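Chemist:
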Amino acid sequence: RAKVNGRGRVEMFDAALRAELEARARLETEIRHGLAAGEFELHFQPVIGVATRELRSYEALIRWRHPERGMVPPGEFIPAAEESLLICEIGRWVLNTATKQLSAWTWQDPAGHGDVTMAVNISARHLASRSLVEEVRHALRESGLEASRLVLEITETVLLDEPTADAHLRDLRALGVTVSLDDFGTGYTSIGQLQKLQVDTLKIDQSFLRSSEPAGQALVQLMVTAAHAFNLDVVAEGVETQEQLDRLERIGCELAQGYFLGRPKPAREIPVSPTDREVTGTDVTAANG
Ligand code: C2E
Ligand code: MG
Ligand code: MG
Ligand code: MG
Numbered sequence: 470r471a472k473v474n475g476r477g478r479v480e481m482f483d484a485a486l487r488a489e490l491e492a493r494a495r496l497e498t499e500i501r502h503g504l505a506a507g508e509f510e511l512h513f514q515p516v517i518g519v520a521t522r523e524l525r526s527y528e529a530l531i532r533w534r535h536p537e538r539g540m541v542p543p544g545e546f547i548p549a550a551e552e553s554l555l556i557c558e559i560g561r562w563v564l565n566t567a568t569k570q571l572s573a574w575t576w577q578d579p580a581g582h583g584d585v586t587m588a589v590n591i592s593a594r595h596l597a598s599r600s601l602v603e604e605v606r607h608a609l610r611e612s613g614l615e616a617s618r619l620v621l622e623i624t625e626t627v628l629l630d631e632p633t634a635d636a637h638l639r640d641l642r643a644l645g646v647t648v649s650l651d652d653f654g655t656g657y658t659s660i661g662q663l664q665k666l667q668v669d670t671l672k673i674d675q676s677f678l679r680s681s682e683p684a685g686q687a688l689v690q691l692m693v694t695a696a697h698a699f700n701l702d703v704v705a706e707g708v709e710t711q712e713q714l715d716r717l718e719r720i721g722c723e724l725a726q727g728y729f730l731g732r733p734k735p736a737r738e739i740p741v742s743p744t745d746r747e748v749t750g751t752d753v754t755a756a757n758g
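full-length UniProt numbering puts the first residue of the sequence shown at 470, with every later residue one more than the last.
Rendered as structure tokens:
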């Protein structure tokens, strides 16, 4: 009897595993097809100077315009792509597309975009791949963008899991590219480790902004102070209210990103002329994000 039960469980497990593997294989096939069919697009979210309210950077965020499912957010396909080498293909496409976009904006409005940078999210597996440095060099060459205008956003997991990540980050920074540590505070990196990491900028995870408790605010203050002590720039993610922005200004956090300052939007909805470029901080009604 025990045997029958045991075997039943094994079969159930097999069936569930098989279904999961099939679903993943299907998604991978669909992603590959979507890449070839041009179904992916980038939305761009502004990063703003807190004191000046000036546009400082854009973060490129991928979306999948799926023929049946509509606009699919990255959380629904990036994790699957990260299971395979597909994430490197996606990352290449994002690098090439984002650098070309900033280059185009710079040509259209040199005064308004000459100092603006473009941030691209790079997955752990892509950072570990031997070809990333050459791919970044290629994207810069093809777009004509200076290396200093490109920011690569990596997460803390990268730094722990990949022994080659550190070497690749060194090579990338030697090119003149900026490296930003995304979602800081959600992983295992301690503040003390910051000075040893190959990064230039810290992005404080949006969960810390949410907290209205004194302890949460003290943590933001602490992260900003530590970042400055180690000569890192700081971006606060997920700014949704004027109050949060005011608090960041008091704390001395110089850069901010969030729905209050601008939602991610496709390039065609982003005005590029110098007069239209001013950030109003009221962009909360846009449909994207
Ligand atoms: P992330 O890099 O931390 O990006 C910030 C996410 O927070 C974005 O979600 C953005 O739309 C959202 N966000 C920005 N401001 C606010 C706000 O004020 N409130 C709230 N609630 N959310 C805000 P999105 O676009 O869905 O991207 C989610 C994650 O997917 C990204 O987190 C990043 O880890 C990953 N991702 C996005 N694009 C790419 C890509 O091209 N390549 C890779 N490898 N990962 C990507
Ligand atoms: Mg990011
Ligand atoms: Mg983040
Ligand atoms: Mg994230």
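The beta carbon of each residue, even a glycine, is placed where N, CA and C say it ideally should be.
This one's a predicted model, so the numbers in the text were calculated from it and none came from an experiment.
Mapping the DSSP letters down to three states, classify residue 751 as helix, strand or coil.
Modeler: Position 282 of the sequence shown holds residue 751. Reliability fails at residue 751, whose pLDDT of 43 lies under 50, so the model's placement of it is uncertain and no value is given.
Chemist: Measuring straight from C-alpha to C-alpha, what distance separates residue 758 and residue 728?
Modeler: As a position in the sequence shown, residue 758 is number 289, starting the count at 1. As a position in the sequence shown, residue 728 is number 259, starting the count at 1. Reliability fails at residue 758, whose pLDDT of 34 lies under 50, so the model's placement of it is uncertain and the value that follows must be treated cautiously. Each residue's alpha carbon lies about 8 angstroms from the other.
Chemist: So what does DSSP say about residue 565, is it helix, strand or coil?
Modeler: Position 96 of the sequence shown, counted from the first residue, corresponds to residue 565. It is helical.
Chemist: Go to residue 515, then tell me how far its beta strand (DSSP E) extends in each direction, as first and last residue.
Modeler: Position 46 of the sequence shown, counting from 1, holds the residue named residue 515. Looking at the DSSP string, the run of the beta strand (DSSP E) that includes residue 515 is 509-518.
Chemist: Skipping 5 residues on each side, what residues in its chain have a beta carbon closer than 8 angstroms to that of residue 520?
Modeler: Counted from its first residue, the sequence shown places residue 520 at position 51. Here the set comprises 718, 723.
Chemist: Going by C-alpha distance, which of 561, 505, 512, 494 is nearest residue 736?
Modeler: In the sequence shown, the residue the question calls residue 736 occupies position 267. When each option's Cα is compared against that of residue 736, the closest is 512.
Chemist: Should the region 504-511 be regarded as contacting the region 530-544, the criterion being three or more beta carbon pairs within less than 8 angstroms?
Modeler: Yes, since at least three Cβ pairs between the region 504-511 and the region 530-544 fall closer than 8 angstroms, the two stretches touch.
Chemist: Where does residue 740 fall in DSSP's three states?
Modeler: As a first step, residue 740 is located in the sequence shown; it is residue number 271 there, counting from the start. In the structure shown, residue 740 sits in coil (DSSP, three-state: anything other than H, G, I, E or B).
Chemist: Can you list, in chain order, the residues of its chain with a C-beta nearer than 6 angstroms to that of residue 496? Leave out the 5 residues immediately preceding and following it.
Modeler: One-based indexing of the sequence shown puts residue 496 at position 27. For residue 496, where only same-chain residues beyond five positions count, the Cβ hits under 6 angstroms are 549.
Chemist: Is DSSP giving residue 735 helix, strand or coil here?
Modeler: Position 266 of the sequence shown, counted from the start, is the residue given in the question as residue 735. In this structure, residue 735 counts as strand in the three-state DSSP scheme.
Chemist: So, for residue 650: in the same chain, excluding its five sequence neighbours on each side, which residues have a beta-carbon less than 6 angstroms away from its beta-carbon?
Modeler: Stepping through the sequence shown from its first residue, residue 650 is reached at position 181. Contacts found: 668, 671.
Chemist: Regarding residue 707 and ligand 1, is the C-beta to nearest heavy atom distance less than 7 angstroms?
Modeler: Locating residue 707 in the sequence shown gives position 238, counting from the first residue. Because some heavy atom of ligand 1 lies under 7 angstroms away, the Cβ of residue 707 counts as near it: yes.
Chemist: Going by the C-beta, is residue 801 closer than 7 angstroms to any heavy atom of ligand 1?
Modeler: Given that the chain is displayed from residue 470 to residue 758, the structure contains no residue 801 and the question cannot be resolved.
Chemist: Going by beta carbon distance, what residues of the same chain come within less than 8 angstroms of residue 612, once the five residues before and after it are set aside?
Modeler: Start at 1 with the first residue of the sequence shown, and residue 612 comes out as number 143. Closer than 8 angstroms at the Cβ level, and outside the excluded window around residue 612, lie 565, 568, 569, 571, 572.
Chemist: In terms of DSSP beta bridges, what is residue 624 paired with?
Modeler: Within the sequence shown, numbered from 1, the residue matching residue 624 stands at position 155. Beta-bridge pairing links residue 624 to 651.
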